[in-house]
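A quick write-up on the structure given underneath.
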Amino acid sequence: MRYTRYFLPVLKETPAEAQIVSHRLMLRAGMVRQATSGIYSWLPLGLKVLRRIEQIVHEEQQAMGAVPLLMPTIQSADLWRESGRYDDYGQEMLRIKDRHDRDMLYGPTNEELITDIFRASASSYRDVPRILYHIQWKFRDEMRPRFGVMRGREFLMKDGYSFDIDKAGAIHAYNKHMVAYIRTFERMGLKAVPMKADTGPIGGDHSHEFLILADTGESEVFLDRAVVDLSLGDRRIDWDDRAAVQALVDQWTGPYARTDETHDPAAFEAAVPEGRRESRRGIEIGHIFYFGTKYSEPMGATVSGPDGKPATLHMGSYGIGVSRLVGALIEANHDEQGVIWPESVTPFHAGIVNLKQGDPEADAACETLYETLTAAGLEPFYDDRDERAGAKFATMDLIGLPWRVTVGPRGLKNGVVELTSRRTGESEELSPEAAAAKLRAIYGR
Ligand code: 5CA
161 MRYTRYFLPV LKETPAEAQI VSHRLMLRAG MVRQATSGIY SWLPLGLKVL RRIEQIVHEE
221 QQAMGAVPLL MPTIQSADLW RESGRYDDYG QEMLRIKDRH DRDMLYGPTN EELITDIFRA
281 SASSYRDVPR ILYHIQWKFR DEMRPRFGVM RGREFLMKDG YSFDIDKAGA IHAYNKHMVA
341 YIRTFERMGL KAVPMKADTG PIGGDHSHEF LILADTGESE VFLDRAVVDL SLGDRRIDWD
401 DRAAVQALVD QWTGPYARTD ETHDPAAFEA AVPEGRRESR RGIEIGHIFY FGTKYSEPMG
461 ATVSGPDGKP ATLHMGSYGI GVSRLVGALI EANHDEQGVI WPESVTPFHA GIVNLKQGDP
521 EADAACETLY ETLTAAGLEP FYDDRDERAG AKFATMDLIG LPWRVTVGPR GLKNGVVELT
581 SRRTGESEEL SPEAAAAKLR AIYGR
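FYI, in this note's numbering the residues of the sequence shown are 161 to 605.
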């Protein structure tokens with residue numbers, strides 16, 4: 161993409177309404193624009209990041225065996241009356257009437273709709289286990305929308321649902337999600353810690369929130385430092401091996417890690433040596449639940465078991481805050497100058513800065529580099545404006561592309577361009593060909 165053909169409405173001033181760094185940077189870098197309270201338009205640069213996050217989520221969901229589908233945003237109130245949640249949900253639910261005066265709603269989550277879909281076609285124990293998921297917009301009329309996309313009213317969520325014949329099967333689905341989530345977040349360069357969450361009236365000990373540590377997080381968290389040092393890496397996982405998946409879950413849930421909702425100071429002190437005790441703030445980016453037959457029972461979602469008798473399905477639901485992740489990633493990756501995207505989610509792979517637009521040699525070298533990178537399947541962002549070098553550098557630093565290639569007449573006389581890492585600030589002089597080759601190697605293209 162060329163700057164002069166793109167739509168990148170960067171702001172010079174720091175917006176006064178933004179209280180946290182990710183919100184400020186998303187506005188300044190022209191990633192989003194508020195449409196109305198808690199509702200945002202995703203401008204081209206923000207949309208690219210959102211799509212890259214979605215892509216990683218899709219890949220890891222499907223690697224673990226979940227099947228994508230797409231449910232609508234608008235739902236009928238009838239299903240929610242069946243489960244009993246229509247009245248319980250309260251003011252967070254946006255209720256709508258259609259022209260026939262029927263009660264509709266903008267879905268805050270999809271347990272009822274997916275249960276309805278599944279019960280309509282699943283009849284036998286052979287139809288389970290199944291995991292279905294989608295990535296779709298949700299609406300919750302939050303009392304205090306704030307921090308930009310972190311707590312929006314309209315937000316994008318990956319929500320998945322598992323169906324099993326019994327509790328043991330459902331716990332395996334739950335465990336698969338926990339491990340898949342750890343891998344998903346690791347691919348984004350995030351250390352997300354599963355923390356035991358309140359199960360409320362549902363009971364049981366199978367609900368975990370995934371939090372990343374960040375000073376601006378809304379939750380207070382208490383954890384054993386040991387859990388932060390765990391890493392899944394790229395080890396192969398046999399998703400059908402219940403014991404192996406359980407062992408990974410045990411490894412991650414062994415060390416103490418709780419939010420203030422479930423924190424038990426005495427247990428914390430007893431379980432964690434003083435030097436490893438940490439009290440921090442965190443951002444919730446995912447949440448998984450096993451809730452048994454809470455929806456399948458009132459909604460009559462049963463299949464016939466191997467013995468021919470009807471069995472009520474055991475279910476779980478699993479959410480990832482896809483749009484919140486854009487903000488959370490910035491909270492975890494920025495400096496004074498702007499965003500520092502991890503390579504796995506960056507909107508463009510590298511920036512090209514032409515120090516002397518209009519200089520025939522510099523222009524030609526930039527064009528060749530642009531074409532070489534594009535042909536290799538990379539997306540460069542070429543700042544081809546007739547602007548001062550300082551202004552171009554400031555914009556590149558603000559939008560946070562991990563790599564910048566600086567091209568100028570002086571370097572070209574010696575046959576070199578400069579390749580700079582946004583994260584470390586380190587630069588090296590290379591021939592344009594070597595710079596392109598290095599970028600290809602970095603991104604494996
Ligand atoms: N039905 C379950 C799981 S599918 C569910 O809705 N869980 S949730 O309420 O915990 O939401 C899942 C994830 O969505 C949260 O972990 C959070 O990352 C994200 N999320 C929730 N509310 C908001 C919001 N107002 N703005 C942005 N993201 C949100």
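Every residue gets a Cβ at the ideal spot worked out from N, C-alpha and C, and that includes glycine. What you are looking at is a predicted structure, and each value in this text was computed from that prediction instead of being measured.
Of the choices the options, whose alpha-carbon is the least far from that of residue i?
i, options, result
"isoleucine 234", "Ile256, Tyr246 and Ile213", "Ile256"
"alanine 374", "His366, Val353 and His368", "Val353"
"glutamate 314", "Thr472, Ile216 and Ser197", "Ser197"
"glycine 604", "Ala195, Glu593 and Gly537", "Gly537"
"tyrosine 163", "Glu593, Phe508 and Ala522", "Phe508"
"valine 192", "Ile180, Arg212 and Leu168", "Leu168"
"arginine 418", "Ala403, Glu380 and Arg396", "Glu380"
"glutamine 194", "Asp319, Pro540 and Gly308", "Gly308"
"leucine 383", "Phe345, Ala597, Ala488 and Pro425", "Pro425"
"arginine 311", "Val482, Glu593 and Asn493", "Val482"
"leucine 205", "Ala404, Asn514, Asp319 and Val505", "Val505"
"glutamate 521", "Met348, Ser243, Asp324 and Val567", "Val567"
"lysine 469", "Ser284, Met224 and Gln222", "Ser284"
"glycine 414", "Ser182, Gly550, Ala535 and Ala386", "Ala386"
"aspartate 301", "Tyr249, Thr174, Gly393 and Met317", "Tyr249"
"valine 576", "Glu214, Pro592, Leu533 and Arg564", "Pro592"
"glycine 270", "Thr376, Tyr450 and Lys318", "Here residue 270 is asparagine; the residue named in the question, glycine, does not match the sequence. It is Lys318 whose Cα lies nearest to the Cα of asparagine 270."
"alanine 190", "Gln222, Arg212, Arg279 and Val499", "The sequence given here has glycine at residue 190, not alanine. Answer by Cα proximity: Val499."
"isoleucine 602", "Asp519, Ala551, Thr584 and Pro562", "Pro562"
"glutamine 251", "Val432, His183, Arg304 and Met224", "Arg304"
"leucine 185", "Ile559, Asp263, Pro540 and Ser587", "Ile559"
"lysine 356", "Ala554, Phe370 and Gly349", "Phe370"
"leucine 254", "Arg245, Leu187 and Met264", "Met264"
"tyrosine 406", "Ala340, Ile512 and Gly585", "According to the sequence displayed, residue 406 carries glutamine and not tyrosine. It is Ala340 whose Cα lies nearest to the Cα of glutamine 406."
Per the DSSP calculation, residue i is bridged to which residue(s)?
i, result
"glutamine 194", "Tyr200"
"glutamine 235", "Leu265"
"isoleucine 640", "In the structure as shown, the chain starts at 161 and stops at 605, and residue 640 therefore has no counterpart that could be examined."
"serine 379", "Gly442"
"isoleucine 212", "A small fix is needed here, since residue 212 is arginine in this sequence, not isoleucine. Note: arginine 212 sits in no beta bridge, so no partner."
"alanine 510", "Pro540"
"leucine 579", "Val565 and Glu588"
"valine 388", "In DSSP, valine 388 forms no bridge with anything."
"glycine 479", "Asp319 and His447"
"isoleucine 372", "Ala352 and Ile443"
"serine 504", "Answer by DSSP bridge pairing: none, since serine 504 is not bridged."
"arginine 162", "Tyr542"
"histidine 474", "Asp324"
"proline 228", "Tyr293"
"arginine 306", "Arg311"
"valine 152", "Nothing about residue 152 can be read from this structure; the chain reaches only from 161 to 605."
"glycine 393", "DSSP output for glycine 393 lists no bridge partner at all."
"glycine 452", "Met475"
With respect to the beta strand (DSSP E) encompassing residue i, which residues constitute its N-terminal and C-terminal limits?
i, result
"lysine 356", "352-356"
"leucine 558", "Segment 549-559 is the alpha helix (DSSP H) holding leucine 558; no beta strand (DSSP E) there."
"proline 569", "It is not in any beta strand (DSSP E) - proline 569 instead sits in the alpha helix (DSSP H) that spans 569-573."
"histidine 294", "290-299"
"methionine 317", "314-324"
"valine 432", "Here valine 432 belongs to no beta strand (DSSP E), and DSSP marks it neither H nor E."
"valine 463", "462-464"
"arginine 311", "From DSSP, arginine 311 is part of no beta strand (DSSP E); its letter is neither H nor E."
"arginine 418", "417-419"
Just reading off the alpha helix (DSSP H) that residue i is part of, what are its end residues?
i, result
"arginine 402", "402-413"
"proline 592", "592-603"
"methionine 338", "327-347"
"isoleucine 490", "482-492"
"histidine 366", "Element bounds for histidine 366: n/a, residue is neither H nor E."
"threonine 532", "520-535"
"threonine 275", "271-281"
"arginine 184", "181-188"
"tyrosine 246", "245-248"
- Query: Should the region 280-290 be regarded as contacting the region 439-454, the criterion being three or more beta carbon pairs within less than 8 Å?
  - Reply: no
Counting beta carbon pairs with one atom in the region 465-482 and one in the region 328-341, are three or more of them shorter than 8 Å? yes
Looking at C-beta atoms only, is the number of pairs between the region 208-228 and the region 237-251 that lie closer than 8 Å three or more?
no
query = Does the region 271-278 touch the region 167-185, meaning 3 or more C-beta pairs lie closer than 8 Å?
reply = no
Open item on the list: Using 8 Å as the cut-off, can you tell me whether the region 480-495 makes contact with the region 541-549, which would need three or more C-beta pairs spanning the two stretches below that distance?
Closed with: no
Quiz item: How about the region 258-270 and the region 450-464: do they share at least three Cβ pairs that are nearer than 8 Å?
Solution: no
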